[in-house]
Ligand SMILES: Cc1cc2nc3c(=O)[nH]c(=O)nc-3n(C[C@H](O)[C@H](O)[C@H](O)COP(=O)(O)OP(=O)(O)OC[C@H]3O[C@@H](n4cnc5c(N)ncnc54)[C@H](O)[C@@H]3O)c2cc1C
Ligand code: FES
């Protein structure tokens, strides 16, 4: 875990509400695991005092060996409104890589990845890592869902990666007109997966977890919670564990959990 001042190398809007930010970072990020996150703070004296968590979307190494990370974020409140105005060359404070990430499958298997909205951010890093490890892209059904076409992120990258891509929107403006969980259920009934990975809104995740249980398929989900410290110190990100008398902390026990360790009935 490194606390550093980091320069914004590139910053672009990828939809009216979503941005991609590339940041210079410590070389140790080369060992970051998909699903891990950073805590970011803008040291301008005006931005929210508490840093905010963002998943690592990609780790890149330049020809000169410099390491950089990308985050993908949606503008929802005070901090993200500040972030969208940051220009290339300006500095932010960040701590990372933090938390526990996804556990990669051992050997060849049939997998499903389910992304809802901005939840696609860590799943691109996951998919890229698995492809680098030699996974056949055709062994992966990737379900990409969003409210509408404008919120549908990373569609082109996913097409280029060669996975079997299933696109849905709630309003029917792109892909199939349904919730993203609908094609997951349809396909899983005929071709049950060996493992499911998911990130997105809680309602979507709860539905995916129910389906995984019915199929007895292992399921790893990345969940969100309000975070103040990101390192297990403030206990503000507690969620109920399977053992109802035990709380888990999203920042240090997660944010990626085996669904069966959570108290989600
Ligand atoms: C591990 C982790 C990884 C994340 N990765 C990403 C990412 O890659 N891209 C991205 O856009 N966002 C991500 N988020 C969510 C992101 O941290 C929040 O959107 C951000 O903190 C909002 O800050 P803000 O000051 O702009 O909004 P605020 O003013 O703090 O909040 C605006 C609204 O969003 C709600 N909210 C804020 N944070 C959360 C949260 N964590 N969970 C549920 N509701 C929340 C608030 O209750 C409020 O209604 C992640 C969250 C976690 C915990
Ligand atoms: S955010 Fe402080 S303990 Fe998790």
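Residue numbers (the working numbering): 964 to 1228.
Glycine is no exception: its CB is placed at the ideal position from the N, C-alpha and C atoms.
Grab the span of the alpha helix (DSSP H) containing residue 1145 for me, first residue to last. Its alpha helix (DSSP H) spans residues 1144 to 1153.
If we count the other Cβ atoms within 10 Å of its Cβ and call it buried at 16 or more, is residue 1020 buried or exposed? Label assigned to residue 1020: buried.
Quick check: the Cα distance between residue 984 and residue 1177, rounded to an integer number of angstroms? Just so you know, the alpha carbons of residue 984 and residue 1177 end up roughly 39 Å apart.
Could you have a look at residue 1127 and say whether DSSP puts it in helix, strand or coil? Here residue 1127 carries a strand assignment [DSSP, helix/strand/coil].
Any chance the CB of residue 996 is under 6 Å from a heavy atom of ligand 1? Of the heavy atoms belonging to ligand 1, none sits nearer than 6 Å to the Cβ of residue 996.
Length-filtered (4 minimum) alpha helix (DSSP H) runs lying within the stretch 1018 to 1056: 1041 to 1046, all fully within the stretch 1018 to 1056.
Please state whether DSSP places residue 1083 in a helix, a strand or coil. It is helical.
Between the stretch 1125 to 1132 and the stretch 1095 to 1111, do three or more beta carbon pairs fall short of 8 Å? With a cut-off of 8 Å, the stretch 1095 to 1111 and the stretch 1125 to 1132 count as touching, because enough Cβ pairs lie within range.
Taking just the CA atoms, how far does residue 1078 sit from residue 1164? Going by the C-alpha atoms only, they are around 9 Å apart.
For a test of your reading of the model: does the CB of residue 1074 fall under 6 Å from any non-hydrogen atom of ligand 2? Yes or no. Relative to the non-hydrogen atoms of ligand 2, the Cβ of residue 1074 never comes closer than 6 Å to any of them.
Same chain, Cβ closer than 6 Å to residue 1041, neighbours up to 5 away in sequence not counted: Short of 6 Å from the beta carbon of residue 1041, and not among the five residues preceding or following it, lie these beta carbons of its own chain, in chain order: 1011.
I need the straight-line Cα distance from residue 1126 to residue 1071, nearest angstrom please. Residue 1126 and residue 1071 have their C-alpha atoms some 15 Å from each other.
Between the stretch 1133 to 1150 and the stretch 1029 to 1040, do at least 3 Cβ pairs fall closer than 8 Å? Using a Cβ-Cβ distance cut-off of 8 Å, the stretch 1133 to 1150 and the stretch 1029 to 1040 are not in contact, since fewer than three pairs of beta carbons, one from each stretch, lie closer than that value.
Could you check whether the Cβ of residue 1212 sits closer than 6 Å to any heavy atom belonging to ligand 2? The answer is yes for residue 1212.
Ligand 2 and residue 964: does the residue's C-beta get closer than 6 Å to at least one heavy atom of that ligand? For ligand 2, not one heavy atom lies less than 6 Å from the Cβ of residue 964.
Only counting the same chain, and skipping five residues up and downstream in sequence, which positions put a Cβ closer than 7 Å to that of residue 1223? Only 1205 meet the Cβ criterion.
Could you have a look at residue 999 and say whether DSSP puts it in helix, strand or coil? Coil at residue 999, not helix or strand.
What are the boundary residues of the beta strand (DSSP E) that includes residue 1168? Annotation: residue 1168 is outside any beta strand (DSSP E); the continuous alpha helix (DSSP H) that includes it extends over 1165 to 1178.
Out of 1201, 1162, 1166, state which residue places its alpha-carbon closest to the alpha-carbon of residue 1219. The shortest C-alpha separation from residue 1219 is found at 1162.
Can you tell me whether DSSP reads residue 1095 as helix, strand or coil? Looking at residue 1095 - three-state DSSP - the assignment turns out to be helix.
Do residue 964 and residue 1001 have their beta-carbon atoms positioned less than 7 Å apart in this structure? Taking 7 Å as the Cβ cut-off, residue 1001 and residue 964 do not qualify as a contacting pair.
Let me know if residue 1216 comes out buried or exposed under the rule of 16 or more other beta-carbons within 10 Å of its beta-carbon. Only buried fits residue 1216, as 16 or more other CB atoms lie within 10 angstroms of its CB.
How many Å lie between residue 1025 and residue 1100 at the Cα? One C-alpha to the other measures close to 25 Å.
Drop a sphere of 10 angstroms on the beta-carbon of residue 1187, count the other beta-carbons inside from all chains shown, and report buried for 16 or more, exposed for fewer. The residue is buried, with at least 16 neighbouring Cβ atoms inside 10 Å.
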